[in-house]
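J.: Quick one: this structure, given as structure tokens, is what I'll be asking you about.
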């Protein structure tokens, strides 16, 4: 679905060069001489790079078919993380590298906000608070 300048609002997701981007900022510029344009700051949802782009009036952009949903973390197997959609109970796997070194904070059963594009998980937002049980500690020494 191609859209015009109405799509250029903060928080919207658009396809540019066949990659999904999130619009962070937009500024409409109407110079005294020349054609008006919109300057946007966008974040690539695949690699998190931020860049600026100028969009001319009349230029069409396509809305990115990106789905944000809650999924439950099931388990980790080798380098893959497995999640279940809480509505459809569909299971999806993703490479552990997508959240880098934060996978140690995931517990079985945690609910995460997940971004899906082209039937692949592209982003995982970990829970803000996690509860762990302390199994053992070193005895405290007076003065510590």
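Residue numbers (our numbering): 23 to 166. All C-beta atoms, glycine included, are put in the ideal place defined by N, C-alpha and C.
#1: Using only the alpha-carbon positions, how far apart do residue 12 and residue 152 sit?
#2: Taking all protein chains shown into account, do 16 or more other C-beta atoms lie within 10 angstroms of the C-beta of residue 145, making it buried, or fewer, making it exposed?
#3: To the nearest angstrom, how far is it from the Cα of residue 96 to the Cα of residue 54?
#4: Report the rounded CA-to-CA distance for residue 23 versus residue 110, giving the unit in angstroms.
#5: By how many angstroms is the C-alpha of residue 45 removed from the C-alpha of residue 123?
#6: Out of 58, 75, 150, which has the shortest C-alpha to C-alpha gap to residue 37?
#7: Name the DSSP beta bridge partners of residue 102, please?
#8: Look up residue 139 in the DSSP assignment and give the residues it is bridged to.
#9: Helix, strand or coil: how does DSSP classify residue 35 here?
T.: The answer reads as follows:
#1: This structure cannot speak to residue 12, because the chain is shown only from 23 to 166.
#2: As a working mapping, residue 145 is identified with position 123 in the chain shown. Label assigned to residue 145: buried.
#3: Counting from one through the chain shown, the residue named residue 96 turns up at place 74. Counting from one through the chain shown, the residue named residue 54 turns up at place 32. Taking the straight line from one Cα to the other gives about 58 angstroms.
#4: As a working mapping, residue 23 is identified with position 1 in the chain shown. As a working mapping, residue 110 is identified with position 88 in the chain shown. Residue placement at residue 23 cannot be trusted, given a pLDDT of 44 that sits under 50; the coordinates are not used to answer.
#5: For the purposes of this step, residue 123 is taken as the residue at position 101 of the chain shown. For the purposes of this step, residue 45 is taken as the residue at position 23 of the chain shown. If you take the alpha carbons of residue 123 and residue 45, they lie about 27 angstroms apart.
#6: To locate residue 37, count along the chain shown from 1; it is residue 15. When only C-alpha atoms are compared, the closest one is 75.
#7: Position 80 of the chain shown, counted from the start, is the residue given in the question as residue 102. Per DSSP, 99, 117.
#8: Stepping through the chain shown from its first residue, residue 139 is reached at position 117. Residue 139 pairs with 88, 142.
#9: Position 13 of the chain shown, counted from the start, is the residue given in the question as residue 35. Note: residue 35 maps to strand in three-state DSSP.
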